[in-house]
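Q:
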């Protein structure tokens, strides 16, 4: 079996490439990352096709002043440039795996060669995602900036990819539900949760007695940070702290100002450093309104934290409700407060749940587990073809 991967960026594609490489199945990894960065992940230079122009344009755009970025979203054109250049690098393979919105031309090129095509979508169905996020912005009277919602032409392109790909791989039961609701046949969907690297995400001793609630990720309406801020402020727990780790999206600034003094914020932290912060936590919260699969969930669990997550994340795939953490509805501040208070008042139960979460993550949700499941799916698909 020979597999070509195409990804505009990194995502979990590098972990998949590592798993394929170990078994001798990786033919080529096409990415916008430079070769010297990809090699750090153990991928040989001769198996890397690097298309740098995507990163150059995108990162340059991000450095522009906010008023310029708010005028125009270049996402569609950036993705199209990468896709068209990547399609030129498609050659003979058994399976082509591409990340959604980056691969319509590449999918077509692969299909013309008789290759099985698999579209990897990290989130929920893009129309569902767009509708839900619009609803959230309207709920708070915020007009989204051009880059805060999927660009209309990106939506159109993804819908074509959904239609033309032989299979669509998605990481959570929540995401699967949205695809089924939008009319994608179940026979086309492959559901495999993502994983965690246990060598990077490991528990170290907690050094204080503070009840520390941790959130990791971009601070945004999509991630439900505004609900977490309100819940924590209303609980007003003695000897506690809310630690938010991640970059601040523009729409969150008014919420952060409102709850100033009720939280501590750290900007983006390197992946290899996150376990140090997670290990000082008591509970991790991912209160997302929409999140195809929050990789932070399994990362926090690997560091010994019970996790409270909404139904619209990968939480229900991993968290055994009441054993490794809790699953709550989206936008439900009272449910979030109730679970936080329960863990605050029951230290021994909280610690037991954290240990259970750690064991759960290490047995079934590592990147090796992910690789085995994904490759088994590929082998099954090829056996049907033959």
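Numbering (the numbering used here), first residue to last: 141 to 526. The C-beta atom is built at its ideal place from N, Cα and C for all residues, glycine as well.
Using 8 Å as the cut-off, can you tell me whether the region 380–399 makes contact with the region 356–369, which would need three or more C-beta pairs spanning the two stretches below that distance?
A: yes
Q: So the candidates are 492, 185, 308; which of them puts its Cα closest to the Cα of residue 122?
A: Residue numbering for the chain in the displayed model covers 141 to 526; residue 122 lies beyond these limits and cannot be assessed.
Q: Quick check on residue 179: does DSSP put it in helix, strand or coil?
A: Numbered from 1 along the chain shown, position 39 holds the residue referred to as residue 179. In the structure shown, residue 179 sits in a helix (DSSP, three-state: H, G or I).
Q: Give me the DSSP bridge partner(s) of residue 250.
A: Against the chain shown, residue 250 aligns to sequence position 110. None, per the DSSP bridge assignment.
Q: Is the region 268–275 touching the region 345–356 in the sense that three or more CB pairs, one from each, lie closer than 8 Å?
A: no
Q: Taking the alpha-carbon of residue 448 as reference, which of 490, 165, 311 has the nearest alpha-carbon?
A: Walking along the chain shown from the start, residue 448 turns up at place 308. Of 490, 165, 311, the residue nearest in Cα terms is 490.
Q: Mapping the DSSP letters down to three states, classify residue 301 as helix, strand or coil.
A: Here residue 301 is taken as the residue at index 161 of the chain shown, counted from 1. It is helical.
Q: Measuring CB to CB, does residue 239 end up less than 8 Å from residue 373?
A: Indexing the chain shown from 1 puts residue 239 at position 99. Indexing the chain shown from 1 puts residue 373 at position 233. No, these two residues do not count as a Cβ contact at 8 Å.
Q: Just verifying my parser: in three-state terms, what is the DSSP assignment at residue 189?
A: Taking the chain shown and counting its residues from 1, one reaches residue 189 at position 49. The answer is strand: DSSP assigns residue 189 an E or B state.
Q: Classify residue 510 as helix, strand or coil using the three-state DSSP reduction.
A: Within the chain shown, residue 510 is the residue found at index 370, counting from 1. Residue 510 falls in the helix class under three-state DSSP.
Q: Going by C-alpha distance, which of 192, 519, 442 is nearest residue 419?
A: Here the question's residue 419 lines up with position 279 in the chain shown. Considering only alpha carbons, the answer is 442.
Q: Could you give the first and the last residue of the continuous alpha helix (DSSP H) run that contains residue 318?
A: Translated into positions along the chain shown, residue 318 becomes position 178. Here the alpha helix (DSSP H) through residue 318 covers 313–321.
Q: Compute the beta-carbon to beta-carbon distance between residue 287 and residue 213, rounded to the nearest angstrom, for a pair I have assumed lies under 8 Å.
A: Here residue 287 corresponds to residue number 147 of the chain shown, with the count starting at 1. Here residue 213 corresponds to residue number 73 of the chain shown, with the count starting at 1. Going by Cβ atoms, the distance from residue 287 to residue 213 rounds to 5 Å, so yes, they are a contact pair.
Q: Going by the CB atoms, is the gap between residue 406 and residue 426 shorter than 8 Å?
A: One-based indexing of the chain shown puts residue 426 at position 286. One-based indexing of the chain shown puts residue 406 at position 266. Cβ distance not < 8 Å, so residue 426 and residue 406 don't count as in contact.
Q: Shortest alpha-carbon distance to residue 474 belongs to which of 494, 375, 403?
A: Position 334 of the chain shown, counted from the first residue, corresponds to residue 474. Ranked by Cα distance from residue 474, the first of 494, 375, 403 is 375.
Q: Taking the continuous beta strand (DSSP E) assigned at residue 167, which residues delimit it?
A: Translated into positions along the chain shown, residue 167 becomes position 27. Unbroken beta strand (DSSP E) run through residue 167: 166–171.
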